[in-house]
Amino acid sequence: MSYLEIGRVWCSVNLLLPQHQPFQRDFTVGNSTLGFGTILALSQGTQWRIDGMRAAAHVSGIELQVPAQPGWPKQFIQAFRESGPIEAHGAAVGWLGHKELLKLVLQSGCSSALILKDDMDWDTEIRNQTRLR
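With this note's numbering applied, the sequence shown corresponds to residues 7 to 139, in that order.
What follows is the structure, given as structure tokens:
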């Protein structure tokens, strides 16, 4: 399966998804999702990174979700590596992980999402710093 074929399948699947009503939330910039519909973290399951992000989110008053990533079949990763923009295994897994999170956002009905990698850090006062003044 080539990268373009993967993209076509991805588009076809998304067109078949049921339409959801958007979440009713406080979308002001200083809220617990920094004005986004949701905040998701991309992780390959490294527990100490996940624990660190969750601790930082808790201290910051941020709602953070770390969805589990599927196990990618070797053939799928190889197809992406051969036809994708980067040939490295880690990059292929990263691209596929981002695609999976985008799929979750579309299925959830959120109008926006902030997607972070699990090695991301931020100032614990981020909610106060992002408020509209």
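We treat Cβ as the ideally placed atom computed from N, Cα and C, and that holds for glycine.
Following the DSSP letters along the chain, one finds L40 in no beta strand (DSSP E), marked with neither H nor E. Exposure of A94 is indicated by the presence of fewer than 16 other C-beta atoms within 10 angstroms of its C-beta. With respect to S49, V72 sits close: the two C-beta atoms are nearer than 8 angstroms. A contact between stretches requires three or more CB pairs, one per stretch, nearer than 8 angstroms, and the segment 44-62 meets this requirement with the segment 116-129. With 16 or more other Cβ atoms inside 10 Å of its own Cβ, A98 counts as buried.
Linking K109 to E131 through their CA atoms gives a straight-line distance of about 30 angstroms.
D57 and N134 have their C-alpha atoms roughly 23 angstroms apart.
Straight across, the Cα-Cα distance linking L70 with R87 is about 30 angstroms. The segment 57-122 is shown to contain no whole beta strand (DSSP E) run of 3 or more residues.
CA-to-CA, the gap between F82 and P76 works out to about 12 angstroms. Taking C-alpha positions only, G96 is separated from L102 by approximately 10 angstroms. Straight-line spacing of the CA atoms in T44 and W128 works out to 17 angstroms.
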